[in-house]
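Student: Residue numbers (UniProt numbering): 1 to 300. Here's a structure for you.
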Amino acid sequence: MKLYYRHSNVFSINSFEKIEAKIILNYHGIEKGFVHDKIRPRFAIKRVKNLIEDLKTVDRKFGHNSQTLIAQKVLIDYYEYHHENKISIEDFFTEETYINLKAESTIEDKAFVEKNEEAYFSEINKPFDLFSNSRKSIRSFTNEKIPTETIEEVVAIASNAPSVCNRQPARTYFINNKAVVNKVLEIQGGLRGFQNEINQILVVTTDRNYFYTVGERNQFYIDGGIYLMNVMYALHFKKIGCCPANWGKTIDADRKARKILDLKESEKIICVLAIGYIDGDIKYTLSKRRPLDEVLKIVN
């Protein structure tokens, strides 16, 4: 907790990494605005303003990396969308700012990707590098319900995930009741713009009862995260779209969700997954990944 207090964004933003985290948070929020079927004019104004200012700080103090360059491109796409549709945003995003961003930008990709269902699932039987790279977060689904039998197959595949000493503390809850789905999504809060199209969710938990030393106090997050990734790969393999929703919640919010889902006190929610079938054309965020030189460090 002391290290989180010292190094997280909660109390200070005094390093490139902290500013970069804000930039990613804001550009991803804008990306999500592009994947709605009907894009709302002048959406995410506060995020746009914050992103412009933070990119100025990066220009002035640090220099760019992969994520700040993507942020520039997201802003460029935002301006061009509004300009093409003759919607004025000059009061918070000036033409001068756009021209400066355009002059610096080296990214060709758009802030969102459009594909049809066949193309999206075209690599599920390919080698793992292609399969894993083809899975993206999908937020819009058809009204067709996923059968319980299919979810059983998904969880059976996911259950080969490794865990500390093979204790297998992860559990999956399949929520079919739309009223319960809405209650959980309201607490989660990050999928409000898509909530009407989400009729089923999975909730992944881990049970603290399976951990027994002080050194393992965070292990349930690790085991839960490994299991969660396996669940998402299994869903993709079964041609089911999904979007993992952050569960960084307060104790009170966590308690409310546990009560709704009738979870044991020892269970910790790791993630809520919006799930569903997809049909026709879909849109998803670019969510550009870092290049290898930003994530791999060789220690000889």
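In this text, a Cβ means the ideal position worked out from N, Cα and C, and glycines have one as well.
1) Can you list, in chain order, the residues of its chain whose CB lies under 7 angstroms from that of Asn209, leaving out five sequence neighbours each side?
2) Just to confirm, are Thr206 and Lys268 a CB contact at a threshold of 8 angstroms?
3) Assuming Gly33 and Arg40 form a contact by the criterion Cβ under 8 angstroms, report the distance between their Cβ atoms to the nearest whole angstrom.
4) When the Cα of Gly276 is compared with those of Gln195, Asn230, Gln67 and Ile157, which residue comes out closest?
5) Report buried or exposed for Tyr296, applying the criterion of at least 16 other Cβ atoms within 10 angstroms of its Cβ.
6) Just how far apart, CA to CA, sit Thr148 and Gln200?
7) Is the beta carbon of Asn182 sitting closer than 8 angstroms to the one on Asn230?
8) Identify the continuous alpha helix (DSSP H) that holds Lys46 and give its terminal residues.
9) In three-state terms, what does DSSP make of Gly190?
10) Measuring alpha carbon to alpha carbon, tell me which residue in Ala71, Leu261 and Pro127 is nearest Arg171.
11) Going by DSSP, name the residue or residues bridged to Asp207.
12) Cα-Cα, which of Val48, Glu17 and Glu53 is closest to Asn26?
13) Name, in chain order, the residues that DSSP records as bridge partners for Ile175.
14) For Val272, which residues does DSSP report across the bridge?
15) Opposite Trp113 in the DSSP bridges: which residues?
16) Mind checking who Ser137 pairs with in its DSSP beta bridge?
17) Measure the Cβ-Cβ separation of Ala234 and Ile187 and say whether it is below 8 angstroms.
18) State buried or exposed for Thr68, treating a residue as buried only when at least 16 other CB atoms are found within 10 Å of its CB.
19) Who does Ala170 pair with in a DSSP beta bridge?
20) Output yes or no for whether 8 angstroms exceeds the beta carbon distance between Val203 and Gly224.
21) Reducing DSSP to helix, strand and coil, say where Leu130 ends up.
22) If the criterion is Cβ atoms closer than 8 angstroms, does the pair Lys283 and Phe112 meet it?
23) Quick check on DSSP: helix, strand or coil for Phe237?
24) Using 8 angstroms as the cut-off, can you tell me whether the stretch 46-63 makes contact with the stretch 83-99, which would need three or more C-beta pairs spanning the two stretches below that distance?
25) Taking C-beta to C-beta, are Ile240 and Ile146 nearer than 8 angstroms?
26) Over the uninterrupted alpha helix (DSSP H) stretch that includes His83, give me the two end residues.
Tutor: According to the structure data:
1) As a first step, residue 209 must be located in the sequence shown, where it is residue number 209. Excluding sequence neighbours, Asn209 sits near Ser266.
2) For the purposes of this step, residue 206 is taken as the residue at position 206 of the sequence shown. For the purposes of this step, residue 268 is taken as the residue at position 268 of the sequence shown. By the CB criterion at 8 angstroms, Thr206 and Lys268 fall inside the cutoff.
3) Walking along the sequence shown from the start, residue 33 turns up at place 33. Walking along the sequence shown from the start, residue 40 turns up at place 40. Confirmed, Cβ separation roughly 7 angstroms.
4) Start at 1 with the first residue of the sequence shown, and residue 276 comes out as number 276. Cα-wise, what sits closest to Gly276 is Gln195.
5) Numbered from its first residue, the sequence shown carries residue 296 at position 296. Note on residue identity: the sequence assigns Leu, not Tyr, to residue 296. For Leu296, the number of other beta carbons within 10 angstroms of its own is below 16, and it is reported as exposed.
6) Position 148 of the sequence shown, counting from 1, holds the residue named residue 148. Position 200 of the sequence shown, counting from 1, holds the residue named residue 200. About 11 angstroms.
7) What you label residue 182 is simply residue 182 of the sequence shown in a count that begins at 1. What you label residue 230 is simply residue 230 of the sequence shown in a count that begins at 1. Taking the C-beta atoms as reference points, Asn230 is found no nearer than 8 angstroms to Asn182.
8) Locating residue 46 in the sequence shown gives position 46, counting from the first residue. Where Lys46 is concerned, the enclosing alpha helix (DSSP H) stretches over Ile45 to Lys61.
9) Here residue 190 is taken as the residue at index 190 of the sequence shown, counted from 1. Looking at Gly190 - three-state DSSP - the assignment turns out to be coil, as it is neither helix nor strand.
10) Position 171 of the sequence shown, counted from the start, is the residue given in the question as residue 171. Cα-wise, what sits closest to Arg171 is Leu261.
11) As a working mapping, residue 207 is identified with position 207 in the sequence shown. Looking at the DSSP output, Asp207 sits in a beta bridge with Glu267.
12) Taking the first residue of the sequence shown as position 1, residue 26 is located at position 26. If we check each option's Cα against that of Asn26, Val48 comes out closest.
13) Here residue 175 refers to the residue found at position 175 when the sequence shown is read from its first residue. The partner list for Ile175 (beta bridge, DSSP) reads Ile201.
14) On the sequence shown, position 272 is the one that residue 272 refers to. As computed with DSSP, Val272 is found in a beta bridge with Val203 and Ala245.
15) One-based indexing of the sequence shown puts residue 113 at position 113. First, the amino acid is wrong: residue 113 is Val here, not Trp. The partner list for Val113 (beta bridge, DSSP) reads Tyr284.
16) Along the sequence shown, one-based indexing puts residue 137 at 137. Per the DSSP secondary-structure output, Ser137 pairs in a beta bridge with Cys242.
17) One-based indexing of the sequence shown puts residue 234 at position 234. One-based indexing of the sequence shown puts residue 187 at position 187. It is not a contact, given that the beta carbons lie outside the stated cut-off.
18) Residue numbering aside, residue 68 sits at position 68 when the sequence shown is read from its first letter. It is buried - the Cβ of Thr68 has at least 16 other Cβ atoms within 10 Å.
19) The residue given as residue 170 occupies position 170 in the sequence shown. Thr206, per the DSSP bridge assignment.
20) Residue numbering aside, residue 203 sits at position 203 when the sequence shown is read from its first letter. Residue numbering aside, residue 224 sits at position 224 when the sequence shown is read from its first letter. Taking 8 angstroms as the Cβ cut-off, Val203 and Gly224 do not qualify as a contacting pair.
21) For this step, residue 130 is matched to residue 130 along the sequence shown. In the three-state scheme derived from DSSP, where H, G and I count as helix and E and B as strand, Leu130 is classed as helix.
22) On the sequence shown, position 283 is the one that residue 283 refers to. On the sequence shown, position 112 is the one that residue 112 refers to. Yes, they are a contact pair.
23) Indexing the sequence shown from 1 puts residue 237 at position 237. Reduced to three states, the DSSP call for Phe237 is helix.
24) Touching, per the Cβ criterion.
25) Counted from its first residue, the sequence shown places residue 240 at position 240. Counted from its first residue, the sequence shown places residue 146 at position 146. With respect to the 8 angstroms criterion, Ile240 and Ile146 are classified as neighbours on the basis of their beta carbons.
26) Translated into positions along the sequence shown, residue 83 becomes position 83. Unbroken alpha helix (DSSP H) run through His83: Ser66 to Glu84.
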